[in-house]
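S.K.: Sharing a structure with you now.
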Amino acid sequence: MPENVLTENAPLDIRFSEAELETAREEIVSFIQDTVDGAGAEGAVLGLSGGIDSTLTAYLAVEALGEEGLHGLTMPARVSDEELMSDAEAVAESLGIPYDVIEIEPIAEKFDDAYPEGVGDKTAAGNVRVRTRAVLNYYVANTENRIVLGTGNRSEAMTGYFTKYGDQAVDCNPIGDLYKQQVRQLAAHVGVPHELVMQTPTAGMWESQTDEAEMGLNYDHLDAVLALHVDGPLSRAATVRYVDGVTEDHVDRVVELVEGSAHKRSMPPSPQLSVRE
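So for the sequence shown, full-length UniProt numbering puts the first residue at 1; every next one is plus one.
This is the structure we're talking about:
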């Protein structure tokens with residue numbers, strides 16, 4: 001088993017075996033290669049945030065495509081954590097990939113100027129900045145005949161913890177079938193520094209924002225409920241009995257997040273017209 005990636009008092013160990021971990025690595029690398037080849041593209045673009053998800057995706061993409069096959073973008077905003085932005089550049093430099101730093105605040109401020117009523121809405125203003133990054137990812141990708149790699153994991157996708165048409169406006173999600181705990185495990189396996197593996201996750205939408213505070217529970221509890229109750233066969237009561245530290249409120253919160261975000265995981269709906277029957 002690679003370096004410990006379980007947080008203190010993690011209620012459920014869903015890490016892969018060594019063999020499963022290596023299989024996951026090989027399949028993700030092949031997936032990236034096949035997706036790029038299938039699109040007739042010359043490589044990929046990836047937004048680098050300094051967080052574990054984008055860092056792991058970068059490591060796997062370089063393994064799949066080579067250094068020149070991945071173009072990194074670091075896109076700080078006014079509320080971005082300077083340490084995370086430094087981490088993002090350090091990841092790009094350690095991997096030897098070409099990268100650009102693009103300040104998005106001047107772009108986002110144009111939206112604020114056009115619609116000042118939105119400036120005071122923390123979520124709306126944060127989403128504008130996330131979507132601005134998506135536009136830039138595709139601007140670079142289209143210019144260079146590349147695809148855009150997403151960084152979403154299974155825990156985020158199932159709970160809707162992403163900006164619609166923002167950080168999930170991508171061509172594929174290489175790590176999209178991994179729970180957060182498995183993301184940390186695979187990152188450690190491929191050589192991501194331990195301090196990045198175990199750092200506090202944040203979407204960087206506003207100052208001092210963290211994923212776990214916004215969701216109302218930590219990733220270890222979230223992963224446990226998703227694996228056992230939402231994806232798995234256990235009832236609400238059985239999940240609470242089986243996992244230390246998981247409460248009925250935790251289960252209810254996760255189910256609420258999953259059900260409330262269903263629209264984010266579907267194509268925009270359209271009516272089924274009777275005239276076609």
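Cβ coordinates follow ideal geometry from the N, Cα and C atoms, glycine included.
1) Return yes when at least one heavy atom of the ligand SAH lies under 6 Å from the C-beta of Val255, else no.
2) Where does Trp206 sit, in a helix, a strand or coil, going by DSSP?
3) What span of residues does the alpha helix (DSSP H) with His189 cover, start to end?
4) Mapping DSSP to helix, strand and coil, what is Val170?
5) My output table needs one value for Asp100: the three-state DSSP class, helix, strand or coil.
6) Run through DSSP, which three-state label would Glu259 get?
7) Who are the near neighbours of Val258 in its chain, counting only those whose CB is closer than 7 Å to its CB and skipping five residues on each side?
8) Under the assumption that Asp164 contacts Asp223 (Cβ atoms under 8 Å), give the Cβ distance between them as a whole number of angstroms.
9) Within a Cβ cutoff of 6 Å, which residues of the same chain sit near Ala238, ignoring the five residues on either side of it in sequence?
10) Does the segment 11 to 20 come close enough to the segment 111 to 128 that 3 or more CB-CB pairs lie under 8 Å?
11) From the DSSP output, which residues share a beta bridge with residue 283?
12) Might you give, ordered along the chain, the residues of its own chain that have their beta carbon closer than 6 Å to the beta carbon of Ala64, omitting 5 neighbours on each side?
13) How close, in whole Å, do the beta carbons of Val183 and Asn218 come, if the pair is a contact with beta carbons under 8 Å?
14) Using 10 angstroms around the beta-carbon of Ala124, count the other beta-carbons present and answer buried if the total reaches 16, otherwise exposed.
15) Could you name the residues of the same chain whose beta carbon sits closer than 6 Å to that of Asn145, not counting the 5 residues immediately before and after it, in chain order?
16) With H, G and I counted as helix, E and B as strand and the rest as coil, what does DSSP make of Ala44?
17) Kindly indicate the opening and closing residues of the alpha helix (DSSP H) around Gly245.
18) Alpha carbons only, please: which of Lys110, Pro269, Leu60, Tyr139 is nearest the one belonging to Thr23?
19) Between which two residues does the beta strand (DSSP E) holding Gly120 run?
20) Return the residue from the list Val45, Pro268, Val192 that minimises the CA-CA distance to Asn142.
21) Residues in the same chain with beta-carbon distance under 6 Å from residue 278, minus the five sequence neighbours each way, listed in chain order, please.
22) Where does the unbroken beta strand (DSSP E) through Val62 begin, and where does it stop?
23) Suppose the cutoff is 6 Å on Cβ atoms and the five residues either side in sequence are ignored; what does the same chain contact list for Cys172 look like?
24) So Leu70 is in the beta strand (DSSP E); what residue range does that whole segment cover?
25) Given a cut-off of 7 Å on the beta-carbon distance, is the pair Thr55 and Leu196 in contact?
26) Any idea if Leu186 is buried or exposed, counting beta-carbon neighbours within 10 angstroms, 16 or more meaning buried?
27) Please go through the same chain and pick out, in chain order, the residues whose beta-carbon is closer than 7 Å to the beta-carbon of Ser270, but skip the five residues on each side of it.
28) May I have the straight-line CA-CA distance separating Pro233 from Glu27, to the nearest angstrom?
29) Check the DSSP bridge columns for Ile175 and list the partner residues they point to.
M.R.: Reading from the atomic positions:
1) As presented, the structure is devoid of all ligands, the ligand SAH included, so that no description of it is given.
2) Low per-residue confidence applies at Trp206: pLDDT is 45, beneath 50, and the placement is therefore not dependable, though the value from the model is reported in the following sentence. Trp206: coil per DSSP, three-state reduction.
3) 180 to 190
4) coil
5) strand
6) Three-state DSSP puts Glu259 in a helix.
7) Met158, Thr159, Val230
8) Note that residue 164 corresponds to Lys in the displayed sequence, not to Asp. Lys164 to Asp223, Cβ: 23 Å. No contact.
9) none
10) no
11) Summary: the structure shown does not reach residue 283, with the chain confined to residues 1 through 277, and so no result is reported for it.
12) Val29, Ile32, Gln33
13) Not really, about 14 Å apart at Cβ, beyond 8 Å.
14) exposed
15) Ala41, Glu42
16) DSSP places Ala44 within a strand segment (E or B) once states are collapsed to three.
17) Note, Gly245: premise wrong, no alpha helix (DSSP H); not H, not E.
18) Leu60
19) Per DSSP, Gly120 belongs to no beta strand (DSSP E) and is neither H nor E.
20) Ranked by Cα distance from Asn142, the options Val45, Pro268, Val192 are led by Val45.
21) Not covered by the structure: residue 278. The range shown for the chain is 1 to 277.
22) Note, Val62: premise wrong, no beta strand (DSSP E); alpha helix (DSSP H) at 52 to 65.
23) Thr35
24) 70 to 74
25) yes
26) buried
27) Correct list: empty, nothing qualifies.
28) 26 Å
29) In the DSSP output, where bridge partners are listed per residue, Ile175 has none listed.
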